[in-house]
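Novice: I'd like to ask some things about the structure below.
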Amino acid sequence: MGSAIKHFMELVEQAGTVFEVANTIRGLIENHWEFPKGIDQNVNNLKRKRDQLNGQKEDIESRIKSELRPRKKVKKEVDLWIENVKRINGEIPNLESKVRGSSFFSRGFLVKNVRKKEEEVEELLEKGRFSDDLVVNDLSWIGQVLPTPSLVVETVKRKKNEIMQHFRNDEVQKIGVYGMPGVGKTSAVTLVNNELLKGEIEFKIIVWVTVGRKCSVIELQNKIAKAMNVSISEDEDETLRAGMLSEILSEKGRFVLILDDVWERFSFEKVGIPESSKGKLVLTSRSLDVCRRMDCQVVKMEPLSNEDAWTLFSDKVGQNLMTSADLLPIAKSIVERCAGLPLVIVIVASSMRGEDNLPIWRNALAELNRKISSTIDVKDKVYQQLRLSYDRLKDRSTQNCFLACASYRQDLGILKQQLIRDWVGKGLIEEMGSLEANMDKGEAILRTLVENWLLENVGNERVRMHDLVTDMAKLITQDLY
Numbered sequence: 001m002g003s004a005i006k007h008f009m010e011l012v013e014q015a016g017t018v019f020e021v022a023n024t025i026r027g028l029i030e031n032h033w034e035f036p037k038g039i040d041q042n043v044n045n046l047k048r049k050r051d052q053l054n055g056q057k058e059d060i061e062s063r064i065k066s067e068l069r070p071r072k073k074v075k076k077e078v079d080l081w082i083e084n085v086k087r088i089n090g091e092i093p094n095l096e097s098k099v100r101g102s103s104f105f106s107r108g109f110l111v112k113n114v115r116k117k118e119e120e121v122e123e124l125l126e127k128g129r130f131s132d133d134l135v136v137n138d139l140s141w142i143g144q145v146l147p148t149p150s151l152v153v154e155t156v157k158r159k160k161n162e163i164m165q166h167f168r169n170d171e172v173q174k175i176g177v178y179g180m181p182g183v184g185k186t187s188a189v190t191l192v193n194n195e196l197l198k199g200e201i202e203f204k205i206i207v208w209v210t211v212g213r214k215c216s217v218i219e220l221q222n223k224i225a226k227a228m229n230v231s232i233s234e235d236e237d238e239t240l241r242a243g244m245l246s247e248i249l250s251e252k253g254r255f256v257l258i259l260d261d262v263w264e265r266f267s268f269e270k271v272g273i274p275e276s277s278k279g280k281l282v283l284t285s286r287s288l289d290v291c292r293r294m295d296c297q298v299v300k301m302e303p304l305s306n307e308d309a310w311t312l313f314s315d316k317v318g319q320n321l322m323t324s325a326d327l328l329p330i331a332k333s334i335v336e337r338c339a340g341l342p343l344v345i346v347i348v349a350s351s352m353r354g355e356d357n358l359p360i361w362r363n364a365l366a367e368l369n370r371k372i373s374s375t376i377d378v379k380d381k382v383y384q385q386l387r388l389s390y391d392r393l394k395d396r397s398t399q400n401c402f403l404a405c406a407s408y409r410q411d412l413g414i415l416k417q418q419l420i421r422d423w424v425g426k427g428l429i430e431e432m433g434s435l436e437a438n439m440d441k442g443e444a445i446l447r448t449l450v451e452n453w454l455l456e457n458v459g460n461e462r463v464r465m466h467d468l469v470t471d472m473a474k475l476i477t478q479d480l481y
């Protein structure tokens, strides 16, 4: 009797288990299975909406292409939307394949999946209606478009293209541009800087630093750090600072470092400039030896051809003046004495601009011929050409203000308003009756110096004096005082 009861209880337990399993299966079917009528049509609707979504994606990508510029990056929400579209494009074919290959019963478990996927596509279609810009400022991107030089002629453009070819060569990491003062080195590299900012060759940061004479390792480190908007501790020694700078540059990714006006060789390692395939270095120097000792691919800036020199001079002095049969031979003689140097040509031409008096032109040529002899070198001849421009300034106040500019550091440029205040404070400007009038007179003098290329605009409300002009101003000061 006892064994019979035990057996009965076992049967009851087994029946209970079967019942529980049946309930579980029924629950699964009730919650996850639907009658699969029309599921093929649902899949077709899903594919149609997917095609609509992909069309929207193509439009978004076209907008990105038109909006994306240097210093810009795609918004994070737009990036995520595109990634989700790519994901769903991979999931829909898999779901379609499961539906096509399943039995009638199995399809019932896929009805909700198809509906859910359709809802996802509809949500993406709605989210993809971006009304605002698709890009934002990229705060990690570093680079600055520089004012286009007025010294640009075909010779300078050809050198710019030669330098750009080296940028496209992965085997060239360091490029050295050398040539005598005023020959157009900075102009060529400025064009390179602005060309790189267009993004044809991808770099994360493009840093411009004016090095100048007697620049110590610490000064150079500070200049590079400042150009990247980062700070490195003043308390650390050169070696630790170099390590910090190298780490910062390496973390920025692909970089370009442009060092203008390098006078002496320096150690990349001591400064903290990593020599790797991720970076490119461009330097300008008067010295071929400096470029070679720093293991640079050398680019020589040659003086302008006669044709380019005449084109530049005519453009700056005014084409209408060059139609005079009397002035033409004198002007060509003056250009010949400019040694093919763009800076000198522009300064001399600017000083003669608008002057149509034949005796004045003859006197200018006579002054040049008197001051220049075949026994002095080209550099001295250049100074004499620049001196002509100084002599032709309208008044003594303008001349004194010009000479005062030579005492400023030129690498970062001089703030215009500060320069004018200094002129007024030192009594270099003739008293006009009030501070406002004195400042206005200073503005007029500054404009005259810029128009005559004795000062040049460098952006950010700053001007600078070319080192060749600085040397000339110092020589004049020595002669006068």
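In this text, residue positions in the sequence shown follow the UniProt record's numbering: the first is 1, and each later residue adds one. Every residue, glycine too, gets a C-beta built ideally from N, C-alpha and C.
If you draw a straight line from the C-alpha of residue 473 to the C-alpha of residue 461, how long is it?
Specialist: Taking the sequence shown and counting its residues from 1, the one referred to as residue 473 is at position 473. Taking the sequence shown and counting its residues from 1, the one referred to as residue 461 is at position 461. Looking at the two C-alpha atoms, the distance is approximately 22 angstroms.
Novice: Once the 5 residues before and after residue 297 are set aside, which same chain residues still bring their CB inside 6 angstroms of it?
Specialist: In the sequence shown, the residue the question calls residue 297 occupies position 297. Around residue 297: 166, 172, 175.
Novice: Could you tell me which of 286, 312, 186 sits nearest to residue 258, measuring between CA atoms?
Specialist: Against the sequence shown, residue 258 aligns to sequence position 258. With distances taken between Cα atoms, residue 258 lies closest to 186.
Novice: Straight-line CA distance for residue 516 to residue 252?
Specialist: Residue 516 lies beyond the range of the chain shown here (1 to 481); nothing can be said about it.
Novice: Would you report the Cα separation of residue 266 and residue 324, rounded to the nearest angstrom?
Specialist: Start at 1 with the first residue of the sequence shown, and residue 266 comes out as number 266. Start at 1 with the first residue of the sequence shown, and residue 324 comes out as number 324. Their Cα atoms are separated by approximately 52 angstroms.
Novice: Assign residue 478 to one of two classes, buried (16 or more other C-beta atoms within 10 Å of its C-beta) or exposed (fewer than that).
Specialist: As a working note, residue 478 is residue 478 in the sequence shown. By the neighbour-count rule (16 or more Cβ atoms within 10 Å), residue 478 is not buried but exposed.
Novice: So, for residue 562: in the same chain, excluding its five sequence neighbours on each side, which residues have a beta-carbon less than 7 angstroms away from its beta-carbon?
Specialist: Here the chain has residues from 1 to 481 only, and residue 562 is not among them.
Novice: State whether the stretch 193 to 204 contacts the stretch 391 to 398, with contact taken as three or more CB pairs (one from each stretch) at a distance under 8 angstroms.
Specialist: no
Novice: Should residue 261 be labelled buried (16 or more other beta-carbon atoms within 10 Å of its own) or exposed?
Specialist: Numbered from its first residue, the sequence shown carries residue 261 at position 261. Under this definition residue 261 is a buried residue.
Novice: Taking the alpha helix (DSSP H) that residue 292 belongs to, which residues open and close that run?
Specialist: Residue mapping note: residue 292 aligns to position 292 of the sequence shown, counting from 1. Run containing residue 292: 288 to 293, per the alpha helix (DSSP H) assignment.
Novice: Quick check: is the beta carbon of residue 210 nearer than 9 angstroms to any beta carbon in chain D?
Specialist: In the structure shown, chain D does not exist; there is a single protein chain.
Novice: Out of 264, 168, 400, 387, which has the shortest C-alpha to C-alpha gap to residue 293?
Specialist: For the purposes of this step, residue 293 is taken as residue 293 along the sequence shown, with counting starting at 1. Closest option to residue 293, judged by alpha-carbon separation, among 264, 168, 400, 387: 264.
Novice: Have a look at the DSSP bridge pairing and note the partners of residue 208.
Specialist: In the sequence shown, counting from the first residue as 1, residue 208 sits at position 208. DSSP output for residue 208 lists 258 as bridge partner(s).
Novice: Kindly indicate which three-state DSSP category residue 131 falls into: helix, strand or coil?
Specialist: Locating residue 131 in the sequence shown gives position 131, counting from the first residue. In the structure shown, residue 131 sits in coil (DSSP, three-state: anything other than H, G, I, E or B).
Novice: Among residues of its own chain, excluding the 5 on either side of residue 92, which ones have a beta-carbon nearer than 6 angstroms to its beta-carbon?
Specialist: Here residue 92 corresponds to residue number 92 of the sequence shown, with the count starting at 1. The answer, listed in chain order, is 50.
Novice: Name, in chain order, the residues that DSSP records as bridge partners for residue 333.
Specialist: Along the sequence shown, one-based indexing puts residue 333 at 333. Looking at the DSSP assignment, residue 333 forms no beta bridge with any residue, so it has no partner.
Novice: Inspect the beta-carbon positions of residue 443 and residue 420 and report whether they are closer than 9 angstroms.
Specialist: The residue given as residue 443 occupies position 443 in the sequence shown. The residue given as residue 420 occupies position 420 in the sequence shown. Result yes, Cβ atoms of residue 443 and residue 420 sit closer than 9 angstroms.
Novice: Tell me, to the nearest whole angstrom, how far the beta carbon of residue 147 is from that of residue 463; I am working on the premise that it is less than 8 angstroms.
Specialist: Counted from its first residue, the sequence shown places residue 147 at position 147. Counted from its first residue, the sequence shown places residue 463 at position 463. The pair is not a contact, with the Cβ atoms about 11 angstroms apart (cut-off 8 angstroms).
Novice: Residue 192 by DSSP, collapsed to three states: which one?
Specialist: Stepping through the sequence shown from its first residue, residue 192 is reached at position 192. In this structure, residue 192 counts as helix in the three-state DSSP scheme.
Novice: Kindly indicate which residue of 453, 350, 331 has the alpha-carbon position closest to the one of residue 359.
Specialist: Against the sequence shown, residue 359 aligns to sequence position 359. For the residues 453, 350, 331, the minimum Cα distance to residue 359 belongs to 331.
Novice: Does the stretch 340 to 356 touch the stretch 209 to 223, meaning 3 or more C-beta pairs lie closer than 8 angstroms?
Specialist: The stretch 209 to 223 makes no contact with the stretch 340 to 356, as fewer than three CB pairs between them are under 8 angstroms.
Novice: Would you give the residue range spanned by the beta strand (DSSP E) that residue 458 belongs to?
Specialist: Within the sequence shown, numbered from 1, the residue matching residue 458 stands at position 458. The continuous beta strand (DSSP E) containing residue 458 extends over residues 456 to 459.
Novice: Which first and last residues belong to the beta strand (DSSP E) in which residue 462 is found?
Specialist: For the purposes of this step, residue 462 is identified with residue 462 of the sequence shown, where counting begins at 1. 462 to 464 is the extent of the beta strand (DSSP E) around residue 462.
Novice: Between residue 132 and residue 64, what straight-line distance do the alpha-carbon atoms span, to the nearest angstrom?
Specialist: What you label residue 132 is simply residue 132 of the sequence shown in a count that begins at 1. What you label residue 64 is simply residue 64 of the sequence shown in a count that begins at 1. So the alpha carbons of these two residues sit roughly 12 angstroms apart.
Novice: Between residue 411 and the rest of its own chain, which residues show a CB-CB distance below 6 angstroms, the 5 nearest in sequence each way excluded?
Specialist: Locating residue 411 in the sequence shown gives position 411, counting from the first residue. The answer, listed in chain order, is 210, 212.
Novice: Who does residue 175 pair with in a DSSP beta bridge?
Specialist: Working through the sequence shown from its first residue, we reach residue 175 at position 175. Answer is 282, 297.
Novice: Assign residue 25 to one of three DSSP states: helix, strand, or coil.
Specialist: Here residue 25 refers to the residue found at position 25 of the sequence shown. Since pLDDT at residue 25 reaches only 47, below the 50 mark, its modelled position is unreliable, and no value is offered.
Novice: Can you name the start and end residues of the beta strand (DSSP E) that residue 72 belongs to?
Specialist: As a working mapping, residue 72 is identified with position 72 in the sequence shown. From DSSP, the beta strand (DSSP E) with residue 72 extends over 72 to 74.
Novice: May I ask you to report which of helix, strand or coil DSSP gives residue 469?
Specialist: Counting from 1 along the sequence shown, the entry for residue 469 is found at position 469. Three-state DSSP puts residue 469 in a helix.
Novice: In terms of alpha-carbon separation, which member of 144, 154, 80, 465 lies closest to residue 130?
Specialist: As a working note, residue 130 is residue 130 in the sequence shown. Of 144, 154, 80, 465, the residue nearest in Cα terms is 80.
Novice: With H, G and I counted as helix, E and B as strand and the rest as coil, what does DSSP make of residue 415?
Specialist: To locate residue 415, count along the sequence shown from 1; it is residue 415. Strand, per DSSP.
Novice: In whole angstroms, give me the CA-to-CA distance for residue 465 and residue 329.
Specialist: In the sequence shown, counting from the first residue as 1, residue 465 sits at position 465. In the sequence shown, counting from the first residue as 1, residue 329 sits at position 329. When rounded, the separation of the alpha-carbon atoms in residue 465 and residue 329 is 31 angstroms.
Novice: Is it true that the CB of residue 368 sits closer than 9 angstroms to the CB of residue 334?
Specialist: As a position in the sequence shown, residue 334 is number 334, starting the count at 1. As a position in the sequence shown, residue 368 is number 368, starting the count at 1. Yes.
Novice: When we look at the beta-carbon of residue 314 and count the other beta-carbons within 10 Å, is it buried (16 or more) or exposed?
Specialist: Here residue 314 corresponds to residue number 314 of the sequence shown, with the count starting at 1. Classification for residue 314: buried.
Novice: DSSP three-state label for residue 273, please.
Specialist: Along the sequence shown, read from residue 1 onward, the residue named residue 273 stands at position 273. DSSP places residue 273 in the coil class of the three-state scheme, outside both helix and strand.
Novice: Rounding to the nearest angstrom, what Cα-Cα distance links residue 89 and residue 121 in this structure?
Specialist: The residue labelled residue 89 in the question sits at position 89 within the sequence shown. The residue labelled residue 121 in the question sits at position 121 within the sequence shown. If you take the alpha carbons of residue 89 and residue 121, they lie about 10 angstroms apart.
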